[in-house]
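Trainee:
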Amino acid sequence: MYNYSDFDEAFLRERCAQFRAQVERRLDGSLTEEEFRPLRLMNGLYLQLHAYMLRVAIPYGTLSARQMRQLAHIAETWDKGYGHFTTRQNIQYNWPKLTDVPDILDALADVGLHAIQTSGNCIRNVTADHFAGAAADEIADPRPYAELIRQWSTDHPEFQFLPRKFKIAITGAEADRAVIRAHDIGLQIVARGEEIGFKVLVGGGLGRTPLIGQVIRDFLPESDLLPYLEAIVSTYNLMGRRDNKYKARIKITVFENGIDAFRDATEEQFARLRPAFSGVDQALLAGIKAQFAPPAFRNADPAPYEAALAVDPLLRAWARQSVTAHRVDSHAIVTVSLKAHGQTPGDASADQMRTLADLAEAYGYGELRISHEQNVILPHVARADLPALFEALRKADLATANIGLVSDIIACPGMDYCALATARSIPVAQGIATHFQTLGLEQEIGALKIKISGCINACGHHHVGHIGILGLDRAGVENYQITLGGDGTETASIGERAGPGFAYDEVIPAIERILRAYLDLRTTPEEPFLETYRRLGAQPFKTALYGEGARHAA
Amino acid sequence: MSRKFTPKVVTANDLREGDVIYLTAAGEWTREHAQAELIEDEAIAELRLLKAMGQPDRVVGPYLADARPGPNGPEPTHFREAFRTRGPSNYAHGKQERAHV
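Listed in order, the protein sequences are those of chains B and A.
Taking the working numbering, the leading residue of the first sequence gets 1, the next gets one more, and so forth.
Taking the working numbering, the leading residue of the second sequence gets 1001, the next gets one more, and so forth.
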């Protein structure tokens, strides 16, 4: 894992000291809210519906056990004993007091964490595949590149006032677990013979104008990464619209100008910028890569695990959902569900965080990951240790065997917390999870991604949910639109709106009608929902939702 | 004739704690919606809002929210404002937490 250099440490401490002084000046009246607001947002501090909210970055989703313990400490000391992991690999504290935030930022800095680049029209924290460095299908670990981009983008003087926020995601595998096609820039590590490079996508995004990113370069040599990113962002900085907030993201720039014109402008800029990159970045990258060297995997015989699997149905059920192949045969990747039925998706109590930190140290070389799907990952676990880990998770109520199933829902905070929300998300997610658990249909339904957003900004990624739910305010009443057939992976697609929305108490029955129709329509139990949808189209599901007249009405 | 004015309360967030607050008829800030002043006159509402905006050292983001009279004082009319009087629905945190203490 990356350890902060003296430069990083000094930068962070200076930022903390600056913010402490800014808070003091706000409290004594020297700064107005208009003056203070951009300063607090630069440090991740929002004002939400009921309280302030501090959004802390978990760069490329990677945490050490020590950092996780500090997150627990902060939750207990200055918040209400829990934190909320988000779809952007951040953790949000929902109840900090303004007067406590400088102390919280100091506590974060003590473990190399911060809330920088979690807000504002800058390059935001780079997100990455949560299986990075562990996945069996990976060409290379994307995190060193993410850290290089972090060092390049933090306080980059040219990119502090972009037309709008700017999000970069990176994956090292063909299987896209980082939703790179829904980011301003998506990077996929690819190999051409012996050479490592990147497939570069640009102009993806969700929100009110959902668009799938387009390829701007099929193969970008590794050493051209930063100059090419600089070329894209500086082209956008000049070409992007500032007249209309809703047309300011790069996806609109690319869409309005066309990918070819945008590519030409970027390549021209790249030719100008490339000579300025002398190779210092590559020397830095080499140093960063060394810090991401994998742990010394111990060679434990997995036979005890295989034996336990054969006799323990609970272990088997959990392993089927939670255990993923590791690039080293003797190991596995374990996804810990933060979606216990009826709980808030992505919430972890301070006790749970500490348990996860302990288990990471006992069984996972001290490493943890946070996924954009709001779960926690132990990326390196010896298969021999899986039965013991499962038992420990079970004792901590962290062994819910629902990863990838109907109750593994991602949901934004919605109107329970967010000042921008138009409806609630969390209780809809809780209700769906408990409903299908009660019906006992979760296993039968199989692989399914439900994603819920409480407003058009789509933090809950509803457009790329197999079933997406969007909460709106219709004449002063919560109303939920359903989209079908979305996909956030390498086969990305934007979901199609099924028809008129549903009232709050009609949503769960509507989801049940869709899924009962799916169970009737699938060719075999092995055909997942998305495949059935792609084979048959929306019509049978619209009929299930709205009745036989739907063909004409919807 | 201009359209009928919907009664309002002045609401904001507390600068230090972030909690939802309301302006009372006495010009003080309260954490309870029911203790807010229900303002039935548009010109007075604007004046009260200006008064709130003149206290940037205490409050953040004051605005006028629709309300209606109720048996115990003003009540919110929109669900967003109703949530602001209670707190989130997934935990008994926020105002509803204090109400139980």
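Even glycine gets a Cβ: it sits at the ideal position worked out from N, Cα and C.
The structure presented is a predicted model; accordingly, all values stated were derived computationally and were not measured.
Assuming Ile216(B) and Leu201(B) are in contact, meaning their beta carbons sit under 8 angstroms apart, how far apart are those beta carbons, in whole angstroms?
Mentor: Translated into the one-based positions of the first sequence, residue 216(B) becomes position 216. Translated into the one-based positions of the first sequence, residue 201(B) becomes position 201. That belief holds up - the Cβ atoms of Ile216(B) and Leu201(B) are roughly 7 angstroms apart, short of 8 angstroms.
Trainee: If Ile514(B) and Ile467(B) are in contact, beta carbons under 8 angstroms, what's the gap, nearest whole angstrom?
Mentor: Within the first sequence, residue 514(B) is the residue found at index 514, counting from 1. Within the first sequence, residue 467(B) is the residue found at index 467, counting from 1. Sure, about 6 angstroms apart at Cβ, within 8 angstroms.
Trainee: Pick out whichever of Ala332(B), Ala419(B), Gly203(B) and Ser453(B) has its Cα sitting closest to the Cα of Leu389(B).
Mentor: Position 389 of the first sequence, counting from 1, holds the residue named residue 389(B). Nearest of Ala332(B), Ala419(B), Gly203(B) and Ser453(B) to Leu389(B), Cα basis: Ala332(B).
Trainee: Compute the distance between the beta-carbons of Tyr93(B) and Ile74(B), then report whether it is under 8 angstroms.
Mentor: Stepping through the first sequence from its first residue, residue 93(B) is reached at position 93. Stepping through the first sequence from its first residue, residue 74(B) is reached at position 74. Yes, these two residues count as a Cβ contact at 8 angstroms.
Trainee: Would you say the segment 517 to 529 of chain B touches the segment 1006 to 1017 of chain A, given that touching needs at least three Cβ pairs under 8 angstroms?
Mentor: A contact between stretches requires three or more CB pairs, one per stretch, nearer than 8 angstroms, and the segment 517 to 529 of chain B fails this requirement with the segment 1006 to 1017 of chain A.
Trainee: Under 8 angstroms, do Pro413(B) and Ile426(B) count as touching if we go by C-beta distance?
Mentor: Taking the first sequence and counting its residues from 1, the one referred to as residue 413(B) is at position 413. Taking the first sequence and counting its residues from 1, the one referred to as residue 426(B) is at position 426. Yes. Within cutoff.
Trainee: Less than 8 angstroms between the CB atoms is what I'm expecting for Gln291(B) and Tyr2(B), so what's the real figure, rounded?
Mentor: Reading the first sequence from its first residue, position 291 is the one you call residue 291(B). Reading the first sequence from its first residue, position 2 is the one you call residue 2(B). Rounded, the Cβ-Cβ distance is 5 angstroms, consistent with contact.
Trainee: In angstroms with no decimal places, state the Cα-to-Cα distance between His462(B) and Gly486(B).
Mentor: Here the question's residue 462(B) lines up with position 462 in the first sequence. Here the question's residue 486(B) lines up with position 486 in the first sequence. If you take the alpha carbons of His462(B) and Gly486(B), they lie about 8 angstroms apart.
Trainee: Please report the distance separating the alpha-carbon of Asp155(B) from that of Phe166(B).
Mentor: Here residue 155(B) is taken as the residue at index 155 of the first sequence, counted from 1. Here residue 166(B) is taken as the residue at index 166 of the first sequence, counted from 1. If I take the Cα positions, the gap works out to 14 angstroms.
Trainee: Would you verify that the beta carbon of Glu195(B) is, or is not, closer than 8 angstroms to some beta carbon of chain A?
Mentor: Position 195 of the first sequence, counting from 1, holds the residue named residue 195(B). No, because no Cβ of chain A sits closer than 8 angstroms to the Cβ of Glu195(B).
Trainee: Could you tell me the boundaries of the alpha helix (DSSP H) in which Ala231(B) lies?
Mentor: Start at 1 with the first residue of the first sequence, and residue 231(B) comes out as number 231. Per DSSP, the continuous alpha helix (DSSP H) segment holding Ala231(B) begins and ends at Leu225 to Met239.
Trainee: Which bits of chain B does Leu1015(A) rub up against, with CB to CB less than 7 angstroms?
Mentor: Looking up residue 1015(A) in the second sequence gives position 15. The contacting residues are Leu98.
Trainee: At the 8 angstroms Cβ level, is Pro1062(A) part of the contact set with chain B, yes or no?
Mentor: The residue labelled residue 1062(A) in the question sits at position 62 within the second sequence. Judged by the 8 angstroms Cβ criterion, Pro1062(A) is not in contact with chain B.
Trainee: Report the CB separation of Met68(B) from Ala357(B) in whole angstroms; it is logged as a contact under 8 angstroms.
Mentor: For the purposes of this step, residue 68(B) is identified with residue 68 of the first sequence, where counting begins at 1. For the purposes of this step, residue 357(B) is identified with residue 357 of the first sequence, where counting begins at 1. Rounded, the Cβ-Cβ distance is 4 angstroms, consistent with contact.
Trainee: When you check each C-beta in the segment 39 to 68 of chain B against every C-beta of chain A, which residues fall closer than 7 angstroms?
Mentor: Leu47, Leu49, His50, Ala51 and Tyr52
Trainee: Grab the span of the alpha helix (DSSP H) containing Ala360(B) for me, first residue to last.
Mentor: For the purposes of this step, residue 360(B) is taken as residue 360 along the first sequence, with counting starting at 1. From DSSP, the alpha helix (DSSP H) with Ala360(B) extends over Ala350 to Tyr363.
Trainee: Closest by CA to Asn479(B), which one among Cys455(B), Thr118(B) and Gly465(B)?
Mentor: As a first step, residue 479(B) is located in the first sequence; it is residue number 479 there, counting from the start. The shortest Cα separation from Asn479(B) among Cys455(B), Thr118(B) and Gly465(B) belongs to Cys455(B).
Trainee: Our contact map puts Pro142(B) next to Thr171(B) with C-beta atoms below 8 angstroms; I'd like the distance itself, whole angstroms only.
Mentor: By one-based count along the first sequence, residue 142(B) stands at place 142. By one-based count along the first sequence, residue 171(B) stands at place 171. About 6 angstroms; that satisfies the 8 angstroms criterion.
Trainee: Cβ atoms of Ile432(B) and Pro345(B): under 8 angstroms apart, would you say?
Mentor: Here residue 345(B) refers to the residue found at position 345 when the first sequence is read from its first residue. Here residue 432(B) refers to the residue found at position 432 when the first sequence is read from its first residue. Against a cut-off of 8 angstroms, the Cβ pair of Ile432(B) and Pro345(B) comes out as no contact.
Trainee: Measuring only the C-alpha atoms, how far is Gln352(B) from Glu373(B)?
Mentor: Within the first sequence, residue 352(B) is the residue found at index 352, counting from 1. Within the first sequence, residue 373(B) is the residue found at index 373, counting from 1. Taking the straight line from one Cα to the other gives about 18 angstroms.
Trainee: So is Tyr246(B) buried or exposed if we call it buried at 16+ other beta carbons inside 10 Å?
Mentor: Numbered from its first residue, the first sequence carries residue 246(B) at position 246. Counting of Cβ neighbours within 10 angstroms places Tyr246(B) among the exposed residues, the total staying below 16.
Trainee: Can you tell me where the alpha helix (DSSP H) with Ala1092(A) in it begins and where it stops?
Mentor: For the purposes of this step, residue 1092(A) is taken as residue 92 along the second sequence, with counting starting at 1. Run containing Ala1092(A): none; DSSP gives neither H nor E here.
Trainee: From the DSSP secondary-structure annotation, give me the bridge partner or partners of Ile168(B).
Mentor: Position 168 of the first sequence, counted from the start, is the residue given in the question as residue 168(B). Ile185(B), per the DSSP bridge assignment.
Trainee: What three-state label does DSSP hand Phe1005(A) in the structure shown?
Mentor: As a first step, residue 1005(A) must be located in the second sequence, where it is residue number 5. Of the three classes helix, strand and coil, the one that applies to Phe1005(A) here is coil, per DSSP.
Trainee: If you pair each beta-carbon of the segment 390 to 398 of chain B with each one of the segment 434 to 451 of chain B, do three or more pairs fall below 8 angstroms?
Mentor: no
Trainee: Please list the terminal residues of the continuous alpha helix (DSSP H) segment that includes Val376(B).
Mentor: For this step, residue 376(B) is matched to residue 376 along the first sequence. It is not in any alpha helix (DSSP H) - Val376(B) instead sits in the beta strand (DSSP E) that spans Val376 to Ala382.
Trainee: Would you mind telling me which residues of chain B sit closer than 7 angstroms to Val1009(A), beta carbon to beta carbon, in chain order?
Mentor: Here the question's residue 1009(A) lines up with position 9 in the second sequence. What Val1009(A) touches in chain B: nothing, since even the nearest Cβ is about 16 angstroms away.
Trainee: Mind pulling the chain A residues with CB within less than 8 angstroms of Gln430(B)?
Mentor: Counting from 1 along the first sequence, the entry for residue 430(B) is found at position 430. Under the 8 angstroms cutoff, chain A gives Asn1090.
Trainee: Would Glu478(B) pass as an interface residue toward chain E - the criterion being a Cβ-Cβ separation below 8 angstroms?
Mentor: Given the protein chain composition of this structure (B and A), no chain E is represented.
Trainee: Rounded to whole angstroms, what's the CA-CA distance from Phe270(B) to Ala231(B)? Just pull it up for me.
Mentor: Taking the first sequence and counting its residues from 1, one reaches residue 270(B) at position 270. Taking the first sequence and counting its residues from 1, one reaches residue 231(B) at position 231. Going by the C-alpha atoms only, they are around 5 angstroms apart.
Trainee: Buried or exposed for Glu9(B), going by 16 or more other Cβ atoms inside 10 Å?
Mentor: In the first sequence, the residue the question calls residue 9(B) occupies position 9. When all chains shown are included, Glu9(B) counts as exposed.
Trainee: By alpha-carbon positions, which one of Arg181(B), Arg316(B) and Ser493(B) ends up nearest to Leu386(B)?
Mentor: Reading the first sequence from its first residue, position 386 is the one you call residue 386(B). Leu386(B) has its Cα closest to that of Arg316(B), out of Arg181(B), Arg316(B) and Ser493(B).
Trainee: Checking 8 angstroms against the spacing of the C-beta atoms, do Thr483(B) and Arg474(B) come in under that value?
Mentor: Stepping through the first sequence from its first residue, residue 483(B) is reached at position 483. Stepping through the first sequence from its first residue, residue 474(B) is reached at position 474. Result no, Cβ atoms of Thr483(B) and Arg474(B) do not sit closer than 8 angstroms.
Trainee: At what residues does the alpha helix (DSSP H) containing His435(B) begin and finish?
Mentor: Along the first sequence, read from residue 1 onward, the residue named residue 435(B) stands at position 435. Taken as a continuous stretch (DSSP letters only), the alpha helix (DSSP H) holding His435(B) covers Ile426 to Leu439.
Trainee: Less than 8 angstroms between CB atoms is the rule here; does Trp78(B) satisfy it with respect to chain A?
Mentor: For the purposes of this step, residue 78(B) is taken as residue 78 along the first sequence, with counting starting at 1. The beta-carbon of Trp78(B) is placed no less than 8 angstroms from the nearest beta-carbon of chain A.
Trainee: In angstroms, rounded to a whole number, what distance separates the CA positions of Gly471(B) and Asp347(B)?
Mentor: As a working mapping, residue 471(B) is identified with position 471 in the first sequence. As a working mapping, residue 347(B) is identified with position 347 in the first sequence. Their Cα atoms are separated by approximately 20 angstroms.
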